[in-house]
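**Student:** Take the sequence shown: its position 181, counted from the start at 1, is 178 in my numbering, and no numbers get skipped. For each residue, glycine too, the CB sits at the ideal point set by N, CA and C. This structure is a prediction, so every number in the text was calculated from the model and none was measured.
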Amino acid sequence: MTNFPAVTKYSGDDTVDQDEHRQLLEDGNAATKELLGGGAEEELTIAAGALPAPTVAAVRIRGQGAAADTLDTIPTTNQPDGRYLLLRAGNVLEPITLTEGGSPGLSLLYGGDDHELNAVDQSVLVQNQGGSWQEISRHGREKLHVVGSAGEPAFLNSWTGGAVYGLKFFKDTDNIVHVAGHVQNVNPESNGISILNMPLGWRPPPPGSIASWDFFCWDQTESAIQFVRITSTNGLMQFVRIGGTTDDNTFIGMSFTYPANED
């Protein structure tokens, strides 16, 4: 039978009594109100990779000249130890890349991997810990990466995106990569031909002794299930035919997820 703690205790190992617990709840509520600030949000423009000292607990960041920029330094002035700071991108067209290395710098959840704030509904919560900022959580999702568009991975070997949807991917706040869309190839033989290289940060981890990950896809030309294969080491995505015949116009649809490699 379970031995419940005494009335004034909240667990067998906890020395917090009811009054102290009530104060903790009040402090938590105050912090929440402080973060929300009744809608108060400071807009700051990056200068040489750094923000001016924030004066409120929620900041909307803009790049220099209303452009994309990198942020690695946030002064801790007016931000006591333990203070939370909510960071948002200033505009969906102005991606802000959070990176480590400044002073006082940022420590990101996934180590040295840069993180881009590039959606107006995306935010990062950091905490002042001894004069530097530690990322606590991420909210929202990054923008969709459209393969073949400017600044994104290019199609290889005559592969193109489907006329209606194309091929897109993104990484969510749980570090899971989502891939979905259509691709086609007019070459007579498309089996085993590389489609694209997934970039670093969006590649799957090595699955033990196996060097690649296989995912089902739908071959509309053959009305058959085939495979898409991604090699962990270089991010190479390939179409693998397991049935049907060689086509001169392969059209496939895919939708799958996998964990991003954190090494």
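1. Kindly list the residues whose CB is nearer than 6 Å to the CB of A47, restricted to its own chain and excluding five residues on each side of it in sequence; keep chain order.
2. Quick one, which of R238, A208, P204 has its alpha-carbon nearest E219's?
3. Assuming Y255 is part of the beta strand (DSSP E), what are its boundary residues?
4. What residues in its chain sit with their C-beta under 6 Å from that of I190, if we drop five residues either side in the sequence?
5. Cβ of E139 less than 8 Å from any chain D Cβ?
6. Report yes if the CB atom of W210 is closer than 8 Å to the CB atom of I227, and no otherwise.
7. Less than 8 Å between the CB atoms is what I'm expecting for F236 and Q223, so what's the real figure, rounded?
8. For V225, does the count of other Cβ atoms within 10 angstroms reach 16, so buried, or fall short, so exposed?
9. Take A54 as the anchor and find which of T67, A45, A44, T74 has the nearest alpha-carbon.
10. Could you compute how far the alpha carbon of S146 sits from the alpha carbon of L68?
11. Is the Cβ-Cβ distance between Q124 and E139 less than 8 Å?
12. Just checking, does the stretch 149 to 166 make contact with the stretch 128 to 138 on the three C-beta pairs under 8 Å criterion?
13. In the structure shown, what three-state DSSP assignment does Q119 receive?
14. Buried or exposed for G240, going by 16 or more other Cβ atoms inside 10 Å?
15. First and last residue of the beta strand (DSSP E) that includes L107?
16. How big is the Cα-Cα spacing for P268 and D111?
17. Ignoring anything shorter than 3 residues or poking outside the stretch 38 to 69, list the beta strand (DSSP E) runs there in chain order.
18. Distance check for R200 and F167, CA to CA, integer angstroms please.
19. Just to confirm before moving on: does the CB-CB distance between R59 and E38 stay below 8 Å?
20. Could you pull out every residue in the same chain whose Cβ sits closer than 6 Å to the Cβ of T94, ignoring the five residues on either side in sequence?
21. Comparing C-alpha positions only, which one of A44, A221, L164, T230 sits nearest to G205?
**Tutor:** The relevant details are as follows:
1. In the same chain as A47, and ignoring 5 residues on each side of it, the C-beta atoms closer than 6 Å to its own belong to T70, in chain order.
2. R238
3. 247 to 256
4. If we look at I190 and ignore the five residues flanking it on each side, its Cβ neighbours are N154.
5. The structure shown contains no chain D; it is built from a single protein chain.
6. yes
7. 7 Å
8. Buried.
9. T74
10. 25 Å
11. no
12. When C-beta atoms of the stretch 149 to 166 are compared with those of the stretch 128 to 138, fewer than three pairs fall below 8 Å, so the two segments do not count as touching.
13. Of the three classes helix, strand and coil, the one that applies to Q119 here is coil, per DSSP.
14. exposed
15. Residue identity check: residue 107 is Tyr in the sequence provided, not Leu. No beta strand (DSSP E) contains Y107, which DSSP labels as neither H nor E.
16. Outside the modelled stretch of the chain, which goes from -2 to 260, sits residue 268, for which no answer is possible.
17. 39 to 42, 55 to 59, 66 to 68
18. Computed Cα separation, rounded: 11 Å.
19. no
20. T67, D111, E113
21. T230
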